[in-house]
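Peer 1:
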Amino acid sequence: MVTRWGARFLGRRLPCAIGRGGITWAKREGDGATPAGVHRIVGLLYRPDRIAAALPGWAMPIGPADLWSDDGADPDYNHRVRAPHAFSHERLSRPDPLYDLILLTDWNWPDAIPGRGSAIFLHRWRKPRHPTAGCVAFAPGDLLWIARHLTPRTRLIVRP
């Protein structure tokens with residue numbers, strides 16, 4: 199469970215960062231808020247050039263051509279896409295380490311509604327408790343521990 203004060207998972211309390219817009223029941227693209235509700239973990243992506251640690255067998259590597267569509271006009275809105283891509287997108291293979299390990303959520307996925315928000319991930323934080331654009335972010339060691347201990351479809355409960 200995630201709140202603005204932190205997260206609880208398998209009996210552990212973990213510090214985390216949420217969106218700069220807080221937690222909301224009315225998520226919109228670009229509002230900087232983390233969507234409240236019960237979500238599921240639907241994927242695990244990682245940078246094999248940066249993550250050497252053992253990961254679960256369902257983890258999928260990402261590279262320079264991997265992107266995430268954040269354009270409501272794109273038929274692939276809020277889905278993983280490949281470069282070159284004509285619509286607005288986020289590069290998953292970033293120069294900084296924020297997306298070295300990404301847990302994908304089912305927020306507005308797979309049947310995305312344009313404008314309801316995209317790319318709601320669990321990822322590494324920029325610095326302790328530094329706000330995100332809507333994702334939930336953790337210290338690198340905590341994120342790795344979470345990734346090793348969950349399974350696909352694990353619930354992510356976000357409460358305001």
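Numbering (my numbering), first residue to last: 199 to 358. Backbone N, C-alpha and C fix where the C-beta goes; we use that ideal spot for every residue, glycine too.
If you reduce the DSSP assignment to three classes, tell me which class residue 353 lands in.
Peer 2: Residue 353 falls in the strand class under three-state DSSP.
Peer 1: Thinking C-alpha only, which one of 357, 199, 225 and 201 is nearest residue 318?
Peer 2: Checking every option, the nearest Cα to that of residue 318 belongs to 225.
Peer 1: So, is residue 236 buried or exposed, given that buried needs 16 or more other C-beta atoms within 10 angstroms?
Peer 2: Exposed, by the Cβ-count rule.
Peer 1: Determine whether the beta carbon atoms of residue 243 and residue 260 lie at a separation below 7 Å.
Peer 2: Yes, the pair counts as a contact, with Cβ atoms nearer than the cut-off.
Peer 1: For residue 266, list the residues DSSP reports as bridge partners.
Peer 2: BP columns for residue 266 point to 278 and 288.
Peer 1: Alpha carbon to alpha carbon, what distance is there between residue 212 and residue 220?
Peer 2: Distance between the alpha carbons of residue 220 and residue 212: 18 Å.
Peer 1: Are three or more beta carbon pairs between the segment 295 to 310 and the segment 328 to 344 nearer than 8 Å?
Peer 2: The segment 295 to 310, when compared against the segment 328 to 344, does touch it at the 8 Å Cβ threshold.
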